[in-house]
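Going down the list, the protein sequences come from chains A, B, C and D.
Per the working numbering, the first sequence starts with residue 391, numbered consecutively.
Per the working numbering, the second sequence starts with residue 599, numbered consecutively.
Per the working numbering, the third sequence starts with residue 38, numbered consecutively.
Per the working numbering, the fourth sequence starts with residue 521, numbered consecutively.
The beta-carbon is built from N, C-alpha and C at its ideal position, and this holds for glycine as well.
It should be emphasised that the depicted structure is a prediction, and the values quoted were computed from it without experimental measurement.
Accompanying notes for the structure given below.
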Amino acid sequence: MHWWLPPQGSTFAQPIDTMFTWILVITGITFVLVEVGLVWFIFAYRERPGRKAFYTHGSTSAEVIWTAIPAVTMVILGLMSNGLWVKIKGRNSVPANAYPIGVYAKQFEWYFTYPGADGKLGRVSPSLVDKNSNPTGRDPADPAGTDDIIVRNQLHLPVNRPVVAILTAEDVIHSFYVPEFRVRQDVVPGMEIKSWFEATVPGSYEVGCSQLCGLGHYKMRAQVTVHTQADYHAWLQERTAKAQGEPTS
Amino acid sequence: METAHKRPNYILIWIYLAVLTAAELGLAFELPITANVKLALLLFLAVWKALLVGLYFMHLKFEKWNLRMLAIIPIPLALILLFAGMSESIW
Amino acid sequence: MTTVAATAHATHAHHDDRSFIQKYIFSTDHKVIGIQFLFLTLFFLAIGGLLAMQIRWQLAYPGKPMPGGTLLPETMAPGGVLLPEYYLQLVTMHGTFMVFFAIMLLLVGVYANFLIPLKIGAHDMAFPRINMASFWSAFASGAVMLASLFVQDGSSRAGWTMYAPLSARHDYSGADFGQEMWSISIILFGLSSILGSLNYITTVINNRCAGMTWFRMPLSVWALFITAILGLLAVPVLAGAAIMLLFEQILGTHFFDPAAGGQPILWQHLFWFFGHPEVYILILPAMGIVSELVANGSRKPIFGYHSMVFAIAGIAFLGWIVWGHHMFVSGMNPTLGSSFMVSTLLIAVPSAIKVFNWMGTMWRGNLRFHVPMLHGIAFIAMFTIGGLSGIFMAATPVDMFIHDTYFIVAHLHYVLFGGSLFAIFGGIVFWFPKMFGRMMNEGWGKVHFWLTFIFYNGCFFPMHIIGMAGHMRRLYDPTVYDFLKPWQPMNEFISINAFLLYGSQIIFFVNFWWSLFKGKKASENPWEDNGLEWSCPSPAPHGNWETLPTVYRGPYEFSAPGASKDYLPQNLKLPTDRDPVLTPAAGH
Amino acid sequence: MAGAMSPPFPAERGIEVYNKKLGMWIFLASEVMFFAALIGSYVILRFGATGEWAKPGIVLSIQITAFNTFLLICSSVSMVKAYAAIQDGFPDKMKFWLLMTILGGAAFVGIQIYEYIHLIEHGFVPSGFTEGSHLAELVENGTLPAATMGLYGSTFYTMTGFHGFHVTCGVVSMLYLYLFKALPGKYTPQDFGGIEVVGLYWHFVDLVWIILFTIVYLV
Chain A
391 MHWWLPPQGS TFAQPIDTMF TWILVITGIT FVLVEVGLVW FIFAYRERPG RKAFYTHGST
451 SAEVIWTAIP AVTMVILGLM SNGLWVKIKG RNSVPANAYP IGVYAKQFEW YFTYPGADGK
511 LGRVSPSLVD KNSNPTGRDP ADPAGTDDII VRNQLHLPVN RPVVAILTAE DVIHSFYVPE
571 FRVRQDVVPG MEIKSWFEAT VPGSYEVGCS QLCGLGHYKM RAQVTVHTQA DYHAWLQERT
631 AKAQGEPTS
Chain B
599 METAHKRPNY ILIWIYLAVL TAAELGLAFE LPITANVKLA LLLFLAVWKA LLVGLYFMHL
659 KFEKWNLRML AIIPIPLALI LLFAGMSESI W
Chain C
38 MTTVAATAHA THAHHDDRSF IQKYIFSTDH KVIGIQFLFL TLFFLAIGGL LAMQIRWQLA
98 YPGKPMPGGT LLPETMAPGG VLLPEYYLQL VTMHGTFMVF FAIMLLLVGV YANFLIPLKI
158 GAHDMAFPRI NMASFWSAFA SGAVMLASLF VQDGSSRAGW TMYAPLSARH DYSGADFGQE
218 MWSISIILFG LSSILGSLNY ITTVINNRCA GMTWFRMPLS VWALFITAIL GLLAVPVLAG
278 AAIMLLFEQI LGTHFFDPAA GGQPILWQHL FWFFGHPEVY ILILPAMGIV SELVANGSRK
338 PIFGYHSMVF AIAGIAFLGW IVWGHHMFVS GMNPTLGSSF MVSTLLIAVP SAIKVFNWMG
398 TMWRGNLRFH VPMLHGIAFI AMFTIGGLSG IFMAATPVDM FIHDTYFIVA HLHYVLFGGS
458 LFAIFGGIVF WFPKMFGRMM NEGWGKVHFW LTFIFYNGCF FPMHIIGMAG HMRRLYDPTV
518 YDFLKPWQPM NEFISINAFL LYGSQIIFFV NFWWSLFKGK KASENPWEDN GLEWSCPSPA
578 PHGNWETLPT VYRGPYEFSA PGASKDYLPQ NLKLPTDRDP VLTPAAGH
Chain D
521 MAGAMSPPFP AERGIEVYNK KLGMWIFLAS EVMFFAALIG SYVILRFGAT GEWAKPGIVL
581 SIQITAFNTF LLICSSVSMV KAYAAIQDGF PDKMKFWLLM TILGGAAFVG IQIYEYIHLI
641 EHGFVPSGFT EGSHLAELVE NGTLPAATMG LYGSTFYTMT GFHGFHVTCG VVSMLYLYLF
701 KALPGKYTPQ DFGGIEVVGL YWHFVDLVWI ILFTIVYLV
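Right under this line is the structure:
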């Protein structure tokens, strides 16, 4: 247990943490100023016999100063974070070479769909969902989907490769959250949301559902494994060898 | 009572409204105009009628600004909500 | 037309020949209604806290039988161990009770009702009967919400934000009629607060006494007035949304049902379009109250009265264009996200102005540390933390990481407990004499304050830290996640502080009830304050004044050079003061 | 700032609008937001809907509602005539016009109830359309889009239903004024606040209907 943000596991982590630290510095300074000021006033100006308060209705110059400083700071902050925001969630932020992985959320489990050899994900439609045979509603008509691999509650990722998670939900709103990646995106039924990230450190992490989604919300958890490119391909081969496309865990 | 203002011809307003309603009905039929033009015209007529009611029947035309503000303030808020909601389906 | 003020003056003068029922139950007297609200909301505050204690137990000791848990029915906690379904009810109802029935009603129910006519020099509200209707619909609404806990399958389980489709379909949430009851209760609540708001607004606009110009109104009245405008325009949207939610269940409509083309996001837009003004409804009146307490405690005029007023107005205005910052990761249009971020960051400016002005008020003052002042200072200190931590989630990329974690929980509790609730406690102690004619016990008041202050920070500050570690909200059992297991001791620490925090409130309740009957009799103006309310006897009689006071100056003339004492009541006529040029009151 | 030594100042006893009227306008402001939520949701859902929306005139009868609209406009005029009458000191004319308004409003509600029954018989319900109904056939043969019928029903019944509820409240309150204020002759040219205040509400309801009629029935 470390008393700071979780280890940095994606390319987003570093800039976001810097942002966080900057805000912490700015707010920290303000915090100290205010609280120290309060304590000082409490001692310096406590009621004593014979003292009389200084009669004033304020000072325009002071007002201007402590209006202007926050305003400027906030505008700068806004510009800083907007640049980052556009890179992460902006309309055209997903890199062209991003590796697609289908993330299908339902009460209370995750189904991850990996593209087969063709590197493309097959079409899915909610109408085709069948609890046992076809949990993610994959469309058999689409050739791109025939070699897709569906794995339950296990997300495997290649390291140092942009990945775009294509998020769809079956029933209610869930939220795809990997603390180490600093990535969070609600998964909304009826919407197909693309959220991209690039894992930088091989190892195992956890996906959590961070949007209240019902009784099993607290245990809607999946294991994340970030492999080196080679390991990832090995894993994909082994999976493909296994019964094709059958949801397994 | 402070409502001692010159009075509009209510019957005239009424005829206005009736005519505008008839015009709207006319627009409801198949016409050689695009759907958007039709929509624009219908909304224009609707707003016109609404203004007539607001200004003359509710006497906003004869009130002071401090009261008119009450009627005006909610409208931009409603529009903000509307456009924010609509923007969800066009990005 | 005759204004209520005039009729009140005619009928309420001298002897008061109303029956007990008219006086204390179906009363139209704004003070009685305010006190009725006080008892109602303190009750809900206690309930909400009790629910929170159970949440904290489960988080600290997941799966362990809760002390006294065996008293709960099998459907909630068999053998004292909380069930997930009950846990979600706790989470939902804690939020609902605290936001709507405790904090909001304490501020706009208790203080608006009790203070507005007393502080602007009116005999009563503009519409006393509507005022009564507002209280009783709030009462009914609260009763329905409370009852929903005990129906088949318990109350709603979708969190107080009721995100559809989880809230829209019973088979998703597992709740039954309790879900409908939430909507019904909220619709009643909306009715209540709309009636209340239009009453407050009319009263402040039309029923001010002679000389009470706009910029001589106490900041508390300004805050309550602007809050009323927010409530008036925001709450109907919630009512509309609640109606749609109700129809999803009873009429099978499809507003939020993606399968039929509905939009789950639509609920979030409607809810937060209400919800963000609501956030300011929950803090602005507290800011107003604190301005009174701090000015009185510092024996000094409020620093920058006008900019304080404009800051309140600015916060209220910005409050309408920031709601999207609750939805940054909801799949909302990212461009919308950027604009919402900017407007959200801007809110820091008026908030900063207020904090610095309060400090400016204390600067070179002559501070009296009576209990209300202590709460006022605590408000400034704690609201600063809450406000600053808001900047983290305003910055969209950072929000992507801390959204829906305990960082948010910490933030909102620093604002709503550390902010609003401290102001509320301080206000209760401050106006207790005017309400009941007796003082609350000073010593025990201070004990309560310090215990609350310490355990409150012990409870909520660590939440920032586990939030930074990624601890999600509304988890029934955090130990499911490996990365949260190490934080269990911290969860325990938080919970222990929470229990002690709740325990120390008992001191307040005992002090409250004891002082009600045994407290020392209060003089007319025990705090040596300038407000008009202190110019009528304690407790304030029915109709407040026989002849309405006249105001000669602003409300914060402490330590004025010309004055003999270090305070100068608004209605005290100095030889140098000339009488106001009386214009006929509106509508006479 | 107003210092301790202040010059003479105006008394500021509020704006020259009596409380009831001011209160009603404030209430109407909140009503605007309420209908903004309902109508806004309709516009947002229809705008974002995938696929066609039902063409006007197929499910809902424009003729009947056009007549209803006209009825409401007339009742608005009669209300304002009642207001003018009492202002000029003709209580009997006021009673007559008020009664006309009440009848107009009642007729509107009646017709709307008839419309609802008619629609439900044809299978148009808040959840869309019922199986095997006339509407189901229309959906079968493609006259009506299946995809958006659910939203159509939901929004239609919610908006018009709540408007109808407001009209009913208006009729009831006017009936109260008629029986307990107008008939006993409580209104005078000096004091007729009730008429004006309820009138404001009534015109607002009319105004909302003008918008609803256009965007629900004609667009």
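Of all residues in the stretch 352–373 of chain C, only W357, I358, W360, G361, G368, M369, N370, P371, T372 and L373 come within less than 9 Å of chain B when Cβ atoms are compared, listed by chain position. For G683(B), a Cβ of chain C is located within less than 7 Å of the residue's own Cβ. Looking at the DSSP output, W500(A) sits in a beta bridge with A495(A).
Contact annotation for I302(C) against chain B: G683 and E686 [CB-CB distance below 9 Å, chain order]. Taking CB atoms only, N607(B) has no neighbour in chain D less than 7 Å away. Distances from the CA of G480(C) to each of P409(C), G456(C) and I153(C) were compared; the closest alpha carbon is that of P409(C). Straight through space, the alpha carbons of H683(D) and E285(C) are spaced by roughly 19 Å.
Among the residues of chain A, those whose CB is under 7 Å from the CB of Y518(C) are E596, G598 and R611, following chain order. Excluding residues up to 5 positions away in sequence, F311, P314 and E315 lie with their Cβ nearer than 7 Å to the Cβ of A271(C) in the same chain. Short of 8 Å from the beta carbon of V519(A), and not among the five residues preceding or following it, lie these beta carbons of its own chain, in chain order: P525, T526, G527 and E560. Contact of F164(C) with chain D by beta-carbon distance below 9 Å involves N539, K540 and G543.
Within the DSSP secondary-structure output, Q613(A) pairs in a beta bridge with Q544(A) and E596(A). For H306(C), the nearest CB of chain B lies under 7 Å from its own CB, placing it at the interface with that chain. I62(C) sits exposed, since fewer than 16 C-beta atoms from the chains shown fall within 10 Å of its C-beta. A straight line joining the alpha-carbon of Y317(C) with that of V359(C) spans about 11 Å. Cβ neighbours of K659(B) within its own chain (closer than 6 Å, five residues either side excluded): L653. Burial check for N522(A): the Cβ neighbour count within 10 Å stays below 16, so the residue is exposed. From the beta-carbon of A389(C), the residues of chain A found nearer than 7 Å are W456 and P460. Three or more beta-carbon pairs separated by less than 8 Å link the stretch 606–613 of chain D to the stretch 702–718 of chain D, which places the two stretches in contact. Taking 7 Å as the CB threshold, V327(C) stays off the interface with chain D. Among the CB atoms of chain B, one or more fall inside 7 Å of the CB of F567(D). Note that the C-beta distance between L558(D) and G277(C) is below 7 Å. Within the stretch 428–466 of chain C, complete beta strand (DSSP E) segments of at least 3 residues are not found at all.
Taking the beta carbon of K601(D) as reference, the chain B residues within 7 Å of it are Y608, listed in sequence order.
L270(C) reaches chain B at P672 and L675, counting residues in chain order whose Cβ is nearer than 7 Å. When the alpha-carbon of I153(C) is set against those of L127(C), Y98(C), W219(C) and T240(C), the nearest one is in T240(C). Here the stretch 561–578 of chain D makes no contact with the stretch 586–604 of chain D; the two share fewer than three CB pairs at distances below 8 Å.
Of the residues assessed, Y445(A) falls on the buried side of the cut-off, its CB having 16 or more other CB atoms within 10 angstroms.
By alpha-carbon distance to I611(B), the top candidate from A574(D), T668(D) and V600(D) is V600(D).
Taking C-beta atoms as the reference points, G456(C) and A323(C) count as a pair closer than 7 Å.
Between the stretch 536–554 of chain C and the stretch 498–506 of chain C, the count of Cβ pairs shorter than 8 Å is below three; the stretches do not touch.
Any Cβ of chain B closer than 7 Å to the Cβ of L720(D) would place that residue at the interface, and such an atom is present.
Contacts with chain B at 7 Å (Cβ-Cβ) do not include D608(D). The closest CA to that of S515(A), considering only H447(A), Y494(A), Y504(A) and G418(A), is found on Y494(A). A415(C) sits close to F459(C), with the two beta carbons spaced by under 7 Å. L261(C) sits away from S234(C), with the two beta carbons spaced by 7 Å or more.
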